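Those letters in the sequence shown? Residues 544 to 1340, by our numbering.
Glycine included, every Cβ here is placed at the ideal spot set by N, Cα and C.
All of these numbers come straight from a predicted model, not from anything done at the bench.
Okay, so here's the structure we're looking at.
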Amino acid sequence: MNQQNILKSIEEASKIFGKTWPLYSFVTSNPLSGYEKSPFKVAVSDAKKLLNARVFPEATLYRQAWEKGEIAKENILHLLKQNGLTNTPEFYLRQLESQIPTEKKNSFHDLDRIMVKWLSAFLDEGLAEWNMPGKEKGFYKAWRSLAPYDNDLEILRNSDIPKTSSDALACVLKDHLKDDYIKILVYHLAALPGWTGYINHRFESNSPWQQKYPINIEDYLAVRLYVAQQLKIPIIPQNEEPKKDSSIELLQYLWLKAWEKSWQDQLIYTLEEKSKEIKNNQPRVKSPDAQMVFCIDTRSELMRRHVETKGNYETFGYAGFFGIAMDYKDLNNGLSRKSCPPIVSSSYQVSEIPQARKIEKVLAYKKKNEIFKFGEYFLSRMKNMLPSAFGYVEGSGLFYGLSILARTLVPGYFYKLKIKNTSSFEHICEPKINSLTVDDSNYGIPLDEQVAIVKSAFDLTGWKYFSPLVLFVGHGSHSANNPFGSSLDCGACAASPGRHNARMLAKLANLSEVRLALLNKYKIIIPHTTIFLGAEHNTTTDKIEIFDTEVPNSHQKLLLQVKSDLFKAQKTATQDRLGVDRNSISKAQQKANNWGETRPEWGLAKNAGFIIAPRNLTKNVNLNSRCFLHSYDWEMDTEGKALESILQGPMVVTQWINNHYYFSTVDNCNFGGGTKITHNITGKFGVVQGNGGDLKMGLPLQSIRQSDKEMYHQPLRLTVLVQAPVDRVQKILLQNEHLKTLLDNEWIYLMVMDPLKQNMVERYENGMKWIPIKEKQFDEKKYRSEIELTILDGNLV
């Protein structure tokens, strides 16, 4: 019975902690996802105590925002008054600035050091030359067989270590009350939350490494608590409960709310003005020469804006996995990786097959790739084997020295050379889709599933007509010497590039049998003159590469024009993004291939909003790459099914991204990745700061700060704005309790621009209340007349 209590307590305790994703698939996710059922204020207060972490922006960030005018005076005054605070904003800001953070001593330091040593050895995924013996038995049993030989654990050499993790936990917890189990377990899981999160990820993903070398939270806690008991380390630290200053926490929260409200006011004003412009100036509809579907990623906002100014083009926003719940099998290494949102189970596997007329080129590519891989393996062995390491370093030093010098001085040149000499197999192969539930690799997937994938893309984006050329544009990021490179790829594709999904959707949409089924069953007419193509937006250089193997002669002239206009868009987009007037493309290429570049690009930094609406609401509006943009036409979605899918999927994923950036910014040490300068890769799956410690779970400092002190990302919670009738949105929320919970607990803000009420904007508030924004606007003049403002010694009297 006691073991059942322990297992139940472990399950409850581990729910609090999120997942730490590996470097090769660094999915951005809310580090406090386990707290999402609690109000944001309560959750961060609990996390602050448990992790000794900062959970609100530090005072210097509020100061920077205040002095830049990003926090409207009327908003902070209104919130202060609401909470009975009558001094000036400046007074309270100085009060926040006067706070000196107190450092909490780590009572578990020695225990943490021992656990990190064992975890690093067991979880290694190919970086170490020598494997830890007995890993196939699982973490606890492997540790048990080797622990007596650990100099840190001499006390265990003549002891009888429990045979199973369950026995070890029972041995440790037998002298503690059952009511204290969860408290004890949470304390120890919180000691190394990065490693805890990675164990959670390994266990839940059931990756090949997990299948071969299993580990779970029970094994980890069993080792940790048993070691603590044997070394006489207190299971629960004594007298370390930090003092709670509720007045300071309230001020921090109010300043955050004022900052968020100020940004929302600006966004709403911009979109309301745009909606008036649309109403007063109905443009003449002209069929576009080409249509392009980009990911909803904030970096696509800039690219779409520049593409649309270069020709008669229409753009859409759609989640970058393009509705295909798939894994992608890489032709280069034969490995499969998830290429759809983490919250979606993969149903398909997409791989590459040679195009009919290019089999010889594919064979030549494979042969060249095998030689290249053998060369890499040979050099790796030469560097790492003791007999050859010293001779290798001596003999190759001059070559590597010259290589490093060249990559430092002329990285842009080497980038062009690498692109020129790399034979991209996407141009000689075509994608093939198979079901993950059927063993026959030649089976493919049924026609009705192919049709459903294509129709979903049209439904969710509100597609009405088709131009002669349609591009599905996935995105990926290219950078050198960047352990966090995958965090810059497509979040909707589980930190993989989106080009594979884009190419697969294009192929399905080109199939004659799919088009015929769409016509017969859904009355969707795709002209025979319409060609769909896959493409990739390189977010580091803003180049869009088109995979044009299926373009007939009739479309070649149009394709050449599109490519020319995309090059022009690349030039102006890089000028805009990098803030330069000349050589902007070269500068972007240099950043992409500079091995010493700490921020090849900014990724999704500054994200703050998610707009679900037709493109005409945001077209020609500079949103400064701060908003995710999902196309949606409420008039075409009569039953609300498309909107429900967007709220259930993309909105939840963007909330993950937003909170990942928020917490990495407010406490980069605990929730982020620390500085890249002292990063060390461990086990190929993660980084630690210096030579050990906790596994870093978030974004590095250089991804969210202009400098160590100067802000770049503004840590604001996500604001979602939907253009649709309020009644439709309310119906969806009533049917999806988990979405309502996120809103009620203020992990997300939701605003609805109702087209049935002259596009009036209403804000959701706890308990399914809808508050018209205009009625909530704060009138500073009225406020001043009410309280007769007088300044005395920095106080409002």
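I'd like the list of long-range same chain contacts for G740, defined as Cβ closer than 7 Å, with 5 residues on each side in sequence excluded. F560, G561, K562, T563 and M1240
Contacts around G866, its chain only, beta-carbon distance under 6 Å, and the 5 residues preceding and following it disregarded: I996, S999 and A1000
N1159 (DSSP reduced to helix, strand or coil): helix
DSSP state of H1071, grouped into three classes? coil
By the three-class DSSP mapping on this structure, what secondary structure does C714 have? helix
Should T1073 and V1013 be called a contact, given that it needs their Cβ atoms to be closer than 8 Å? yes
My guess is that H1043 and S888 are in contact by the Cβ rule of under 8 Å, so how many angstroms apart are they, rounded? That belief does not hold up - the Cβ atoms of H1043 and S888 are roughly 18 Å apart, past 8 Å.
Let me confirm a value: D788 is counted as buried when at least 16 other C-beta atoms fall within 10 Å, else exposed. Which label applies? exposed
Could you have a look at I1224 and say whether DSSP puts it in helix, strand or coil? strand
Once DSSP output is grouped into helix, strand and coil, what is the label at F1171? strand
How should M835 be labelled, buried or exposed, when 16 other C-beta atoms within 10 angstroms of its C-beta is the threshold for buried? buried
Taking 8 Å as the cut-off, decide whether the C-beta atoms of L1244 and G1217 are in contact. yes
Determine the closest residue to A733 out of D693, D710, I779 and I698, with distance taken between C-alpha atoms. I779
Inspect the CB distances between the region 1259-1271 and the region 1133-1153 and report whether three or more fall short of 8 Å. yes
Mapping DSSP to helix, strand and coil, what is A858? Position check: residue 858 holds Thr in this sequence, whereas Ala was assumed. Of the three classes helix, strand and coil, the one that applies to T858 here is strand, per DSSP.
I need the straight-line Cα distance from K1066 to T1115, nearest angstrom please. 40 Å
State the CB to CB distance for the pair D1085 and R1120, rounded to an integer number of angstroms; the pair is presumed to be in contact (CB under 8 Å). 7 Å
Starting from G1019 and walking both ways along the beta strand (DSSP E), at which residues does that stretch end? L1012 to G1019
For the 8 Å Cβ check, are there 3 or more pairs between the region 634-649 and the region 794-806? yes
Just to confirm, are P574 and F1214 a CB contact at a threshold of 8 Å? yes
Buried/exposed call for I811, threshold 16 Cβ in 10 Å: buried
Short Cβ contact (8 Å threshold) for L799 with P600: yes
Assess contact between the region 658-667 and the region 1221-1232, defined as three or more Cβ pairs (one per stretch) separated by less than 8 Å. Is contact present? yes
If we ignore side chains and look at the alpha-carbon of each, how far apart do T1082 and V1094 end up? 25 Å
Given a cut-off of 8 Å, decide if Y871 and N977 are closer than it, judged by their beta-carbon atoms. no
Near S708, what residues of its chain come up, given a Cβ to Cβ distance below 6 Å and the 5 sequence neighbours on each side ignored? Y683, E761, D762 and A765
Which first and last residues belong to the beta strand (DSSP E) in which G1229 is found? G1229 to Q1232
Taking N1053 as the reference, which of E973, R687, I553 and A711 has the closest Cα? E973
With a cut-off of 8 Å, does the C-beta of A868 fall near any C-beta of chain D? In the displayed structure, chain D is absent; only one protein chain is listed.
Length of the line joining the Cα atoms of H1281 and E1308: 15 Å
Roughly how many whole angstroms lie between the Cα atoms of I1189 and D710? 47 Å
Which value, in whole angstroms, describes the spacing of the CA atoms of K721 and V715? 12 Å
Distance between beta carbons of V1016 and A1078, contact taken as under 8 Å: 5 Å
Taking the alpha carbon of I1291 as the point to measure from, which residue in D1297, I1200 and G1236 has its own alpha carbon closest? I1200
M675 in three-state terms, based on DSSP: coil
Can you tell me which residues form a DSSP beta bridge with C1033? S1039
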